[in-house]
Amino acid sequence: MIRSHLLNLLSYSALVAAVFAVLLRREPRSRLRFGAMVFGAFVLSALLAGWLMAQVRG
Amino acid sequence: MQTTSSNTEPEQQGQSIPRPAAALPACVIGSLVPGGGHVFLGARQRGAFFFLALSGLFGLGLSMDARLALHAGLDDPLALVIGVGQMAIGLPYLVARALGFAAGDIRSATFDYGIAFTSTAGLLNVLVVLDVIDIALGRKT
Chain R
323 MIRSHLLNLL
333 SYSALVAAVF
343 AVLLRREPRS
353 RLRFGAMVFG
363 AFVLSALLAG
373 WLMAQVRG
Chain X
752 MQTTSSNTEP
762 EQQGQSIPRP
772 AAALPACVIG
782 SLVPGGGHVF
792 LGARQRGAFF
802 FLALSGLFGL
812 GLSMDARLAL
822 HAGLDDPLAL
832 VIGVGQMAIG
842 LPYLVARALG
852 FAAGDIRSAT
862 FDYGIAFTST
872 AGLLNVLVVL
882 DVIDIALGRK
892 T
């Protein structure tokens, strides 16, 4: 079982981004680019939200 | 051996032939088995990918002590969406319940992650089934 929060975030983001990429794009290169963009957006937004919550908590 | 266009996958040809009559059975199969609808329509690679990705997401969620429970009632709409989302994965949900994975462990540190993984897998399967319908009706290749 994965206990690391970061690994959970990365595995969730990777799988969901891959499914979105295959669903929404048909060309392999386009899929790769779109999947990488969705993956990055997931990870960065989660890290940003976490950082903001840590600031609020003090 | 000579290769004809009829025995290659539609996705390898870059096109698919609309099969409106196949939309309903493909939808039912896809609802029961993630990616099954794509395999039924001949898109085997895509179907296999969806099966592995969605089953993996669901299985990872179960390994994180997620609870499989349907919240009946509108007092907590989010719990209702989560419960319906988990069920939308189809047969893996029933298999997991039959194998005794339904209880989960709310004391686990990864309980909430498990809920997110399992419900997302089911909700993504709804999108995959909609994709199957679009392919069968010729709206997508």
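Residue numbers (the working numbering), protein chains in the order written: chain R, 323 to 380; chain X, 752 to 892.
Just so it is clear, CB atoms sit at the ideal spot from N, CA and C, and this is done for glycine as well.
Note that the structure is a prediction, hence the values are computed from the model and not measured.
Between residue i and the ligand FAD, is the CB less than 7 Å from at least one heavy atom?
i, result
"Asn-330/R", "The ligand FAD is absent from the structure shown, which contains no ligands of any kind."
Cβ atoms of residue j and residue i: under 8 Å apart, would you say?
i, j, result
"Ala-820/X", "Leu-792/X", "no"
"Gly-873/X", "Gln-837/X", "yes"
"Ala-887/X", "Pro-785/X", "no"
"Val-877/X", "His-789/X", "no"
"Thr-869/X", "Asp-816/X", "no"
"Arg-818/X", "Ala-853/X", "yes"
"Phe-270/R", "Arg-347/R", "The shown model of chain R, from 323 to 380, leaves out residue 270/R, and the question about it has no answer."
"Leu-331/R", "Val-365/R", "yes"
"Val-341/R", "Phe-801/X", "yes"
Along the chain, where does the alpha helix (DSSP H) containing residue i start, and where does it finish?
i, result
"Leu-374/R", "350 to 379"
"Gly-327/R", "For the sequence presented, residue 327/R should be read as His rather than Gly. Segment 327 to 346, the alpha helix (DSSP H) holding His-327/R."
"Thr-869/X", "862 to 887"
"Ala-777/X", "774 to 783"
"Leu-842/X", "842 to 849"
Tell me, to the nearest whole angstrom, how far the beta carbon of residue i is from that of residue j; I am working on the premise that it is less than 8 Å.
i, j, result
"Ala-343/R", "Arg-353/R", "4 Å"
"Val-896/X", "Gly-781/X", "It is not possible to answer for residue 896/X, since the shown part of chain X is limited to 752 through 892."
"Gly-855/X", "Gly-841/X", "Actually they are not in contact, since the Cβ atoms of Gly-855/X and Gly-841/X sit about 19 Å apart, beyond 8 Å."
May I ask you to list, following chain order, the residues of the stretch 877 to 890 of chain X that have a beta carbon less than 8 Å from some beta carbon of chain R?
For the stretch 877 to 890 of chain X, which is checked against every Cβ of chain R, the residues closer than 8 Å are Leu-878, Val-879 and Asp-882.
Touching by the beta-carbon criterion (3+ pairs, under 8 Å), the stretch 803 to 814 of chain X and the stretch 830 to 847 of chain X
Segments in contact, yes.
Listed from N- to C-terminal order along the chain, which residues in the stretch 846 to 865 of chain X have their beta-carbon within a distance smaller than 9 Å of any beta-carbon of chain R?
Of all residues in the stretch 846 to 865 of chain X, Ser-859, Ala-860, Thr-861 and Tyr-864 have a Cβ within less than 9 Å of some Cβ in chain R.
Give, in chain order, every residue of the stretch 344 to 361 of chain R whose Cβ lies closer than 8 Å to some Cβ of chain X.
Here the close residues are Val-344, Leu-345 and Arg-348.
Note down, in chain order, all residues in the stretch 768 to 797 of chain X with a beta-carbon under 9 Å from any beta-carbon belonging to chain R.
Taking a C-beta cut-off of 9 Å against chain R, the contacting residues of the stretch 768 to 797 of chain X are Arg-797, listed in chain order.
Under 8 Å (Cβ pairs) to chain R, residues found in the stretch 799 to 815 of chain X
Hits within the stretch, in order: Phe-800, Phe-801, Ala-804, Leu-805, Gly-807, Leu-808, Leu-811, Ser-814 and Met-815.
Any residues in the stretch 325 to 337 of chain R with a beta carbon nearer than 7 Å to a beta carbon of chain X? Which ones, in chain order?
Against chain X - using a Cβ distance shorter than 7 Å - the residues of the stretch 325 to 337 of chain R are Arg-325, Asn-330, Ser-333, Tyr-334 and Leu-337.
Between the stretch 830 to 845 of chain X and chain R, which residues of the former have a C-beta closer than 8 Å to a C-beta of the latter?
Those residues of the stretch 830 to 845 of chain X placed with their C-beta closer than 8 Å to a C-beta in chain R do not exist.
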